[in-house]
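Following my numbering, the numbering of the sequence shown begins with 975 at its first residue and continues without gaps.
All C-beta atoms, glycine included, are put in the ideal place defined by N, C-alpha and C.
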Amino acid sequence: MKAQQDGDLLQEDSPDDGDTQTNHYSAISPPASPGDLDEPFSTYFEEKVAIPENVNQVFSFRKLWAFTGPGFLMSIAYLDPGNIESDLQSGAKAGFKLLWVLLSATVIGLLLQRLAARLGVVTGMHLAEVCNRQYSTVPRIILWIMVELAIIGSDMQEVIGCAIALNLLSVGKIPLWAGVLITITDTFVFLFLDKYGLRKLEAFFGFLITVMAISFGYEYVLVKPDQGEVLKGMFLPYCEGCGPTQLEQAVGIVGAVIMPHNIYLHSALVKSRDIDRRNKKEVKEANKYYFIESTIALFVSFLINVFVVAVFAQAFYNKTNWQVNQECNVTNIPHQGLFPNNNETLEVDIYKGGVVLGCFFGPAALYIWAIGILAAGQSSTMTGTYSGQFVMEGFLNLRWSRFARVLLTRSIAITPTLLVAIFQDVQHLTGMNDFLNVLQSMQLPFALIPILTFTSLTSIMNDFANGLFWKIGGGVVVLLVCAINMYFVVVYVATLHSIWLYVLAALLSVAYLCFVGYLVWHCLVALGVSCLDFGSRMGLARHTDIYLLNDMDVDGVIER
975 MKAQQDGDLL QEDSPDDGDT QTNHYSAISP PASPGDLDEP FSTYFEEKVA
1025 IPENVNQVFS FRKLWAFTGP GFLMSIAYLD PGNIESDLQS GAKAGFKLLW
1075 VLLSATVIGL LLQRLAARLG VVTGMHLAEV CNRQYSTVPR IILWIMVELA
1125 IIGSDMQEVI GCAIALNLLS VGKIPLWAGV LITITDTFVF LFLDKYGLRK
1175 LEAFFGFLIT VMAISFGYEY VLVKPDQGEV LKGMFLPYCE GCGPTQLEQA
1225 VGIVGAVIMP HNIYLHSALV KSRDIDRRNK KEVKEANKYY FIESTIALFV
1275 SFLINVFVVA VFAQAFYNKT NWQVNQECNV TNIPHQGLFP NNNETLEVDI
1325 YKGGVVLGCF FGPAALYIWA IGILAAGQSS TMTGTYSGQF VMEGFLNLRW
1375 SRFARVLLTR SIAITPTLLV AIFQDVQHLT GMNDFLNVLQ SMQLPFALIP
1425 ILTFTSLTSI MNDFANGLFW KIGGGVVVLL VCAINMYFVV VYVATLHSIW
1475 LYVLAALLSV AYLCFVGYLV WHCLVALGVS CLDFGSRMGL ARHTDIYLLN
1525 DMDVDGVIER
């Protein structure tokens, strides 16, 4: 039986194998997709970057440069306003003691992004497209809704982050709702930069990352953190004198760094390079260079995050509201009425953080901070929109015009964001950010479990399927990350103090855990836990309504 791939999927037809199955997954035809039509359909990229040929060195900087781009776009999710807020709160609440958690979360993120990139390179399809082909209708729709919720939550933080930056830069003259409208409008403009060339678009993202590095690097040089304490906090996995507050902050760091929609995004971005996937050597080479590029990109994002943590750890750890209030009164900085005159420990967010920097280090520190936040918000808003397009197109097989797709993706997030901007004060957004972080934490299994499942299947990845080390290691990492984020959710729900909300949370938890269990079951079968392969043992492998994982039939893509 033949399974035709996307128009982007360069493959030869595999021979008809009749009733013979090479594995226990049913080889049914995938759902109708854009690639099934005569005219190829580009989900986003209208050009592919050529890879230099006849370069026989083990390592080539020319080839690395050709592959550079997708990893840096992916790394922007590690620098969005939600991450920056998590960083500054970590520094203000725990000093330098949680830098090792940030380092560990970044390394775990790199390993997960490696799986996403390999899926896109080997199959020529991104994760949403593979989910569309591998899960039946009901699980696929549920999965799409869950991922969309994560994207909406992330997008709200990013757009509001931009609006806060504009509010700070205008000394309060641009209200939150106006900042949201400005951000959404200029995002439409920037999103069409790829019309002038994909490399120009990637260069623009590189410029925004540079702005963030310079802005937060300036604050780092200005504050002059203790370098010994920075290194100690980074490489000594211990948190002396830490309590529940610091524990919750550590969990929040992991949740902020590892974001579900970023797995879908990265698996799509790697399709922008011209790789002959029938050539095993080229695919192996692409995997190598993408991993190197992702490592460099996440190292840069890690340094920028360290800048923010160290600035607030050095300057504001254990500071009280009274101390900040007194300093702000002396400097007469705008927005100085934010801090009550009491001895409670200072609590900051990206808005108050900028004001505090202005109070202690002058107006320049405030405005440069706001420029960094604006760059972080604008870049992550754009990549978030790309994620929304890829996810929607992949799960639903949308075949709309480019403008219609961007408009729909933006509209899904604009309504709740505008409502928050209109009815919520810019000075009191911490509660909303906590809720959005919990929302994204709950969606993490819906990216991590599928990516581990599909990259472990030889019927999909052929020779590039996860080996035993990656299967065990990946399973442990996914379990650890999901457990940490579930703890964060439980802690948040416990603070609601409402019996009705507890009952609602309990009911939703049952449905949630059932669906996660369904995904875990398929994942364990893919990892080789044969005792759970009920369909195969009962002779149901060929019943597609019972066994939902389909053979990708990619023998024609890469010769075994």
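{"Item": "Just the Cα atoms here: how many angstroms apart are leucine 1093 and serine 1353?", "Value": "25 Å"}
{"Item": "May I ask you to list the residues that DSSP assigns as paired with valine 1023?", "Value": "Arg1247"}
{"Item": "Where isoleucine 1249 and threonine 1042 are concerned, what is the direct C-alpha to C-alpha distance, given to the nearest angstrom?", "Value": "14 Å"}
{"Item": "Between Ala1230, Ala1421, Tyr1486, Ala1068, which has its C-alpha nearest valine 1204's C-alpha?", "Value": "Ala1068"}
{"Item": "For alanine 1350 versus isoleucine 1125, is the C-beta spacing smaller than 8 Å?", "Value": "no"}
{"Item": "Between the C-alpha atoms of leucine 1277 and valine 1081, what's the straight-line distance to the nearest angstrom?", "Value": "13 Å"}
{"Item": "Given a cut-off of 8 Å on the beta-carbon distance, is the pair proline 1234 and leucine 1418 in contact?", "Value": "yes"}
{"Item": "Hey, how far is the Cα of leucine 1038 from the Cα of leucine 1393?", "Value": "44 Å"}
{"Item": "My parser needs the alpha helix (DSSP H) runs of 4 or more residues fully inside the stretch 1314 to 1401; what are they?", "Value": "1324 to 1335, 1337 to 1370, 1376 to 1397"}
{"Item": "So glutamate 1122 and isoleucine 1386 are supposed to be a Cβ contact under 8 Å. How far apart are they, rounded?", "Value": "7 Å"}
{"Item": "Buried or exposed for cysteine 1488, going by 16 or more other Cβ atoms inside 10 Å?", "Value": "exposed"}
{"Item": "So does the stretch 1365 to 1373 actually touch the stretch 1099 to 1115, counting three or more Cβ pairs closer than 8 Å?", "Value": "yes"}
{"Item": "Compute the Euclidean distance between the alpha carbons of alanine 1500 and leucine 1089, then round it to the nearest angstrom.", "Value": "15 Å"}
{"Item": "Excluding five sequence neighbours on each side, which residues of the same chain lie with their C-beta closer than 6 Å to the C-beta of phenylalanine 1281?", "Value": "Phe1190, Gly1191, Tyr1194"}
{"Item": "Whole angstroms is fine: what's the gap from threonine 1355's alpha carbon to threonine 1319's?", "Value": "32 Å"}
{"Item": "By a C-beta neighbour count over all protein chains shown, 10 Å radius and 16 as the cutoff for buried, is aspartate 1054 buried or exposed?", "Value": "buried"}
{"Item": "Below 8 Å between beta carbons: does that hold for alanine 1242 and glycine 1056?", "Value": "no"}
{"Item": "Considering only C-alpha positions, which residue in the set Thr1427, Ile1134, Tyr1360 is nearest to aspartate 1323?", "Value": "Ile1134"}
{"Item": "Express the C-alpha separation of glutamate 1176 and leucine 1047 in angstroms, rounding to a whole number.", "Value": "7 Å"}
{"Item": "Below 6 Å CB to CB, which residues in the same chain sit around methionine 1460 once its five sequence neighbours on both sides are set aside?", "Value": "none"}
{"Item": "Considering only the beta carbon of each residue, do alanine 1421 and tyrosine 1238 sit closer than 8 Å?", "Value": "yes"}
{"Item": "Where does threonine 1159 fall in DSSP's three states?", "Value": "helix"}
{"Item": "Using the three-state DSSP reduction, which class does threonine 1429 fall into: helix, strand or coil?", "Value": "helix"}
{"Item": "How would you call lysine 1198, buried or exposed, if buried means at least 16 neighbouring beta carbons within 10 angstroms?", "Value": "exposed"}
{"Item": "Quick one: what's got a C-beta closer than 8 Å to serine 1034's C-beta in the same chain, skipping five residues either side?", "Value": "Pro1026"}
{"Item": "Would you identify the three-state DSSP class for threonine 1219, choosing helix, strand or coil?", "Value": "helix"}
{"Item": "Residue range of the alpha helix (DSSP H) that threonine 1042 falls in?", "Value": "Run containing threonine 1042: none; DSSP gives neither H nor E here."}
{"Item": "When you compare the CB positions of isoleucine 1227 and leucine 1453, do they come within less than 8 Å of one another, or not?", "Value": "no"}
{"Item": "Below 8 Å, how does it come out for the stretch 1489 to 1496 and the stretch 1423 to 1434: are there three or more Cβ pairs, yes or no?", "Value": "yes"}
{"Item": "By alpha-carbon positions, which one of Gln1414, Gln1288, Ala1139 ends up nearest to glycine 1153?", "Value": "Ala1139"}
{"Item": "Measuring straight from C-alpha to C-alpha, what distance separates isoleucine 1473 and leucine 1413?", "Value": "20 Å"}
{"Item": "Return helix, strand or coil for threonine 1111, following the three-state DSSP convention.", "Value": "helix"}
{"Item": "Taking the alpha carbon of serine 1275 as the reference point, which residue from Leu1077, Glu1214, Ala1260, Lys1445 has its own alpha carbon closest?", "Value": "Leu1077"}
{"Item": "Provide the residue(s) that pair with threonine 1305 in DSSP beta bridges, ordered along the chain.", "Value": "Beta-bridge pairing links threonine 1305 to no other residue."}
{"Item": "Is the beta carbon of tryptophan 1074 less than 8 Å from the beta carbon of methionine 1208?", "Value": "yes"}
{"Item": "According to the neighbour-count rule (16 or more other Cβ atoms, all chains shown, within 10 Å of its Cβ), is phenylalanine 1364 buried or exposed?", "Value": "buried"}
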